[in-house]
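Residues in the sequence shown are numbered from 25 upward in steps of one, following my numbering.
Here a beta-carbon is modelled for each residue, glycine too, at the ideal position from N, C-alpha and C.
Source: prediction; values computed, not measured.
Some notes on the structure that comes next.
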Amino acid sequence: MANPPRSHSSPKPVVVIALCAVVATLTIAADWPQFRGPERTGVGEATGLADAWPEGGPPVRWQIETLGEGYGSVAVMDDVLYVQGTAGGQSVVFALSADDGRTLWRRALGPRRDQDQGAGPRSTPTVVGDGLYVLNEAGELAYLDRRTGEGRWQFNILERFDSSNIYWSVSESPLVDAERVYVMPGGRGGSIAAVDRKTGETVWRSRELTDAASYSSLVFTEVGGVRAIAGFTQEAGVGVRASDGKLLWRYEAPANGTANAAMPVAGDGLVFYTSSYGVGGGAVRVDGQGSSEEAWFQSSLQNHHGGVALYGDHLYGFFGPALGCVELASGEIAWRARSVGKGSLAIADGKLFLLSERHQMGLAEATPEGYREGGRFEIEDRGWPSWAYPVVSDGTLYVRNWDQLTAYDVRAEGAAGNP
25 MANPPRSHSS
35 PKPVVVIALC
45 AVVATLTIAA
55 DWPQFRGPER
65 TGVGEATGLA
75 DAWPEGGPPV
85 RWQIETLGEG
95 YGSVAVMDDV
105 LYVQGTAGGQ
115 SVVFALSADD
125 GRTLWRRALG
135 PRRDQDQGAG
145 PRSTPTVVGD
155 GLYVLNEAGE
165 LAYLDRRTGE
175 GRWQFNILER
185 FDSSNIYWSV
195 SESPLVDAER
205 VYVMPGGRGG
215 SIAAVDRKTG
225 ETVWRSRELT
235 DAASYSSLVF
245 TEVGGVRAIA
255 GFTQEAGVGV
265 RASDGKLLWR
275 YEAPANGTAN
285 AAMPVAGDGL
295 VFYTSSYGVG
305 GGAVRVDGQG
315 SSEEAWFQSS
325 LQNHHGGVAL
335 YGDHLYGFFG
345 PALGCVELAS
355 GEIAWRARSV
365 GKGSLAIADG
375 KLFLLSERHQ
385 MGLAEATPEG
395 YREGGRFEIE
405 DRGWPSWAYP
415 VVSDGTLYVR
425 NWDQLTAYDV
435 RAEGAAGNP
């Protein structure tokens, strides 16, 4: 049973390495333009996908081993993939052809940052219009022309906002709308900041919120008619008003104070937060006017950094070593299953695409009725955990595995071996 509720109070010059400036401009269905998909929820729009995979997995369309170091996943737009990695001691962003994985262009953002859990970037680029917004592990935020890689502006969010890097490096992916870019530098001057999308000039900082940053990315949600940004600092699940950064809610129960990495998940006036290290997950009910009340809390719902997705009325994610399905409204656990083991996931066409940190890819049905597996296969051990989230776009499953990126044909006809 879920525990009872508790109440809570309220640019600098750039250099482009142009390998090829020709980028397709045709629009395709079911793009994946940012971290965790079109709406940043872990749910994609692709349809016509296979219900089951053959032994050994779906057909491989192509594979490259040129990304260097890093844990970021891919963004997909107009037959081009955008992904971060390293090359020549630099932290870089690549534009790749979705047809064959060849590099169209690459651009360095600055020196790579080393770390005991693996060097290189952890973030995923964000595509808005003709722009590409990229944040690297050292805090360099850049706005590029996504077709050519040409830089429009770049600055370091830690330097500008008088903050410092977190232990395992900046890991968030920038949140972008038509006018602004939102990031979480953390610190006494305001944990969350907004800058103008076109100029890079600072628009606001959340002065009421001074927590240190953590490893989670920001996400938009609307509560009580107010457009808000939900985030997870080192100390609390929080929400600020998107227009000016005013603090709307603060929910400390799910925070572990060490590494809050899973993104908030919002739906029906509730925002769900979860962390590991012995803490758990809970949902807070918010009204957009500064009031909040815990709806439920479950100490067993500990998601480390593989994320949780809301599909229908239920949450899906890895809680500890097991995959789980949980009703958002009540916190009741519908089912748990070992599946492929602790990892990350994406949802598309009513299916769970499951990537274990120990290099196993799985497929299951997204249903509260029980765990129904459609296949699994092993991927190569590249010497580091498989921590990048899987991506499903236009009938293709993209799996980033350290320096390697593999494209699998997961269409109903493709996975069956028919062209």
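First through last residue of the beta strand (DSSP E) which encompasses residue i
i: I88; result: V84 to I88
i: I357; result: I357 to A361
i: E397; result: E397 to E402
i: N425; result: T420 to N425
i: F343; result: H338 to F343
i: I371; result: G367 to A372
i: E69; result: Neither: E69 is in no beta strand (DSSP E) and is coded neither H nor E.
i: P135; result: T127 to P135
i: G394; result: Counting along the chain, G394 falls outside any beta strand (DSSP E), and DSSP gives it neither H nor E.
Exposure label - residue i; buried when at least 16 CB within 10 Å
i: E161; result: buried
i: S316; result: buried
i: S354; result: exposed
i: K36; result: Below a pLDDT of 50, predicted positions are generally treated as unreliable, and K36, at 44, falls in that range; the measurement from the model is reported next regardless. It counts as exposed.
i: A202; result: exposed
i: T223; result: exposed
i: V415; result: buried
i: Q313; result: exposed
i: V84; result: exposed
i: G259; result: The question names Gly, but residue 259 in the sequence shown is Glu. Label assigned to E259: buried.
i: T148; result: buried
i: G302; result: exposed
i: S188; result: exposed
i: M141; result: For the sequence presented, residue 141 should be read as Gln rather than Met. Under this definition Q141 is an exposed residue.
i: E402; result: exposed
i: G8; result: Here the chain comprises residues numbered 25 to 443, so residue 8 is not present and cannot be evaluated.
i: D433; result: buried
i: A76; result: exposed
i: T257; result: buried
i: P198; result: buried
Beta-carbon contacts of residue i that lie in its chain and below 6 Å, excluding the five residues immediately before and after
i: A45; result: Because A45 carries a pLDDT of 33, less than 50, the predicted location of this residue cannot be relied on, and the following value inherits that uncertainty. Cβ neighbours of A45 beyond the five flanking positions: T172.
i: T420; result: A431
i: W273; result: G263, V310 and S316
i: S300; result: Q326 and H328
i: A422; result: First, the amino acid is wrong: residue 422 is Tyr here, not Ala. Excluding sequence neighbours, Y422 sits near V98, V415 and A431.
i: W426; result: R406 and W408
i: R231; result: G214
8 Å contact criterion, which residue i and residue j should meet: CB distance rounded
i: L387; j: L347; result: Not quite, the Cβ-Cβ distance comes to about 12 Å (not below 8 Å), so this is no contact.
i: M287; j: S240; result: 5 Å
i: V117; j: R131; result: 6 Å
i: A111; j: G92; result: 5 Å
i: R406; j: Q384; result: R406 to Q384, Cβ: 14 Å. No contact.
i: E393; j: K375; result: E393 to K375, Cβ: 14 Å. No contact.
i: G66; j: G331; result: 6 Å
i: S97; j: R424; result: 5 Å
Segment limits, alpha helix (DSSP H) that includes residue i
i: I216; result: Element bounds for I216: n/a, residue is neither H nor E.
i: L347; result: No alpha helix (DSSP H) holds L347; the beta strand (DSSP E) holding it covers A346 to E351.
i: I181; result: I181 to R184
Cβ neighbours of residue i in the same chain (closer than 7 Å, five flanking residues each side left out)
i: T245; result: A252, A254, A290 and V295
i: V47; result: Residue confidence for V47 is low, a pLDDT of 32 falling below 50, so the modelled location carries little weight and cannot support an answer.
i: A358; result: H338, C349, V350, E351 and P392
i: R435; result: G72, L73, A74 and G419
Residue i Cβ short of 7 Å to the ligand NAD heavy atom set
i: L159; result: Of the ligands one can find in the structure shown there are none, so the ligand NAD has no counterpart to examine.
Same chain, Cβ closer than 8 Å to residue i, five either side skipped, listed in chain order
i: G438; result: A74, P82, P83 and G419
i: P135; result: G113, Q114, S115 and A162
i: P345; result: R362, G365 and K366
i: R212; result: D186 and T234
i: N280; result: S299, S300, Y301, G302 and V303
i: R396; result: A388 and E389
- Task: Please list the segments of the alpha helix (DSSP H) lying wholly inside the stretch 280–336, counting only runs of 4 or more residues, in order along the chain.
- Result: With a minimum length of 4 residues, no continuous alpha helix (DSSP H) run stays inside the stretch 280–336.
- Message: Give the list of continuous beta strand (DSSP E) stretches no shorter than 3 residues that lie fully inside the stretch 199–280.
- Response: Those beta strand (DSSP E) runs which fall completely within the stretch 199–280 and span 3+ residues are 204–207, 217–220, 226–229, 243–247, 250–256, 261–265 and 271–275.
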